[in-house]
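One structure is given below, encoded as structure tokens.
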Ligand SMILES: [Zn+2]
């Protein structure tokens, strides 16, 4: 069963791997294994570099196909044989922190606002993320006031772990699948990946996260806006990144 699970989930610390080129076209390659997160669920795709005996090129995007995941390169090259695939570690770390931050925000809102669900999420390369919640009639000041609680969770350094449950089981528990747009597709065996923050939250998710909440920069609540009659958009940012003004 493990073979159908993503390499970046099974080996989250393997950011540089040797791989074999299965197929290549000018500016794109298929690899027998890959450490890259191809994006999805509001998390931006990894960046990085592919190196081979006679050259290297930046990995600038991904394109899924029936054959596998095409790695799109910055140059019109066609590498063959053995290559080294290296994920941009700083960018991955930024996404892991932001992604974990969105789970913490999501967990607190789910608890404080009567099981409110997420309608959208998008992380940004400037160190911010926005989340939309189905929160008709919510008091925006109460949402802004969550900032100290977010940082309390960061300070508690809660363990973040993942596991798999059957799709039926995931569907039967309210809140385990917070959003259709964010939940990952099930594996071919019908299993859904669940990410758990110890004592705080469990939800279906296919992204990459910290190993514990204490690995994050402090979080700021930048803005709370109304989006239509039902939705609230909350923008958070990691302190020390461009999106978060210094205080
Ligand atoms: Zn997640």
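Residue numbers (this note's numbering): 24 to 270.
Cβ coordinates follow ideal geometry from the N, Cα and C atoms, glycine included.
It should be emphasised that the depicted structure is a prediction, and the values quoted were computed from it without experimental measurement.
So residue i is in the alpha helix (DSSP H); what residue range does that whole segment cover?
{"i": "residue 122", "result": "112-135"}
{"i": "residue 89", "result": "Note, residue 89: premise wrong, no alpha helix (DSSP H); not H, not E."}
{"i": "residue 219", "result": "No alpha helix (DSSP H) holds residue 219; the beta strand (DSSP E) holding it covers 214-220."}
{"i": "residue 226", "result": "That residue, residue 226, is in no alpha helix (DSSP H); its beta strand (DSSP E) goes 224-227."}
{"i": "residue 31", "result": "30-33"}
{"i": "residue 178", "result": "170-179"}
{"i": "residue 165", "result": "163-167"}
{"i": "residue 43", "result": "Where residue 43 is concerned, there is no enclosing alpha helix (DSSP H), although the beta strand (DSSP E) it sits in stretches over 39-48."}
Nearest to residue i by alpha carbon, out of the options?
{"i": "residue 70", "options": "62, 76 and 77", "result": "62"}
{"i": "residue 258", "options": "163, 270, 225 and 42", "result": "163"}
{"i": "residue 160", "options": "202, 189, 269 and 253", "result": "253"}
{"i": "residue 111", "options": "157, 199, 144 and 40", "result": "40"}
{"i": "residue 195", "options": "215, 186 and 176", "result": "215"}
{"i": "residue 78", "options": "152, 102, 68 and 67", "result": "102"}
{"i": "residue 88", "options": "105, 46, 146 and 193", "result": "46"}
{"i": "residue 198", "options": "124, 141 and 233", "result": "141"}
{"i": "residue 133", "options": "98, 200, 31 and 241", "result": "200"}
{"i": "residue 76", "options": "60, 85 and 100", "result": "100"}
{"i": "residue 178", "options": "50, 239, 210 and 48", "result": "239"}
{"i": "residue 246", "options": "226, 166 and 209", "result": "166"}
{"i": "residue 174", "options": "156, 217, 123 and 153", "result": "123"}
{"i": "residue 262", "options": "31, 105, 114 and 120", "result": "120"}
{"i": "residue 209", "options": "227, 218, 109 and 44", "result": "227"}
So, for residue i: in the same chain, excluding its five sequence neighbours on each side, which residues have a beta-carbon less than 8 Å away from its beta-carbon?
{"i": "residue 235", "result": "180, 181, 182 and 183"}
{"i": "residue 223", "result": "127, 130, 176 and 181"}
{"i": "residue 49", "result": "99, 100 and 101"}
{"i": "residue 86", "result": "51, 92, 93 and 95"}
By Cβ distance below 6 Å, which residues in the same chain neighbour residue i in space, the five residues on each side in sequence not counted?
{"i": "residue 149", "result": "265 and 266"}
{"i": "residue 221", "result": "181 and 182"}
{"i": "residue 74", "result": "107"}
{"i": "residue 170", "result": "244"}
{"i": "residue 35", "result": "none"}
{"i": "residue 80", "result": "73, 96, 97, 98 and 100"}
{"i": "residue 25", "result": "Confidence at residue 25 is low in this model, with a pLDDT of 40, below 50, so its placement is unreliable and no value can be given for it."}
{"i": "residue 219", "result": "184 and 225"}
Report all residues from its chain with a CB closer than 7 Å to the CB of residue i; omit the five preceding and five following residues, and keep chain order.
{"i": "residue 37", "result": "58"}
{"i": "residue 136", "result": "158 and 161"}
{"i": "residue 118", "result": "66, 67, 146 and 231"}
{"i": "residue 213", "result": "189 and 190"}
{"i": "residue 138", "result": "197 and 198"}
{"i": "residue 260", "result": "150, 151, 243, 245, 266 and 267"}
In the DSSP assignment, find the unbroken beta strand (DSSP E) run with residue i in it and report its ends.
{"i": "residue 101", "result": "From DSSP, residue 101 is part of no beta strand (DSSP E); its letter is neither H nor E."}
{"i": "residue 10", "result": "Nothing can be reported for residue 10, as the shown portion of the chain is limited to 24 through 270."}
{"i": "residue 281", "result": "The first residue shown for the chain is 24 and the last is 270, placing residue 281 beyond what the model contains."}
{"i": "residue 182", "result": "Looking at the DSSP string, residue 182 is not in any beta strand (DSSP E), and its letter there is neither H nor E."}
{"i": "residue 248", "result": "242-250"}
Per the contact definition of three or more C-beta pairs closer than 8 Å, is the region 43-54 in contact with the region 82-99?
yes
Around ligand 1, Cβ to any heavy atom closer than 6 Å, ordered along the chain:
122, 126, 218, 228, 230 and 232
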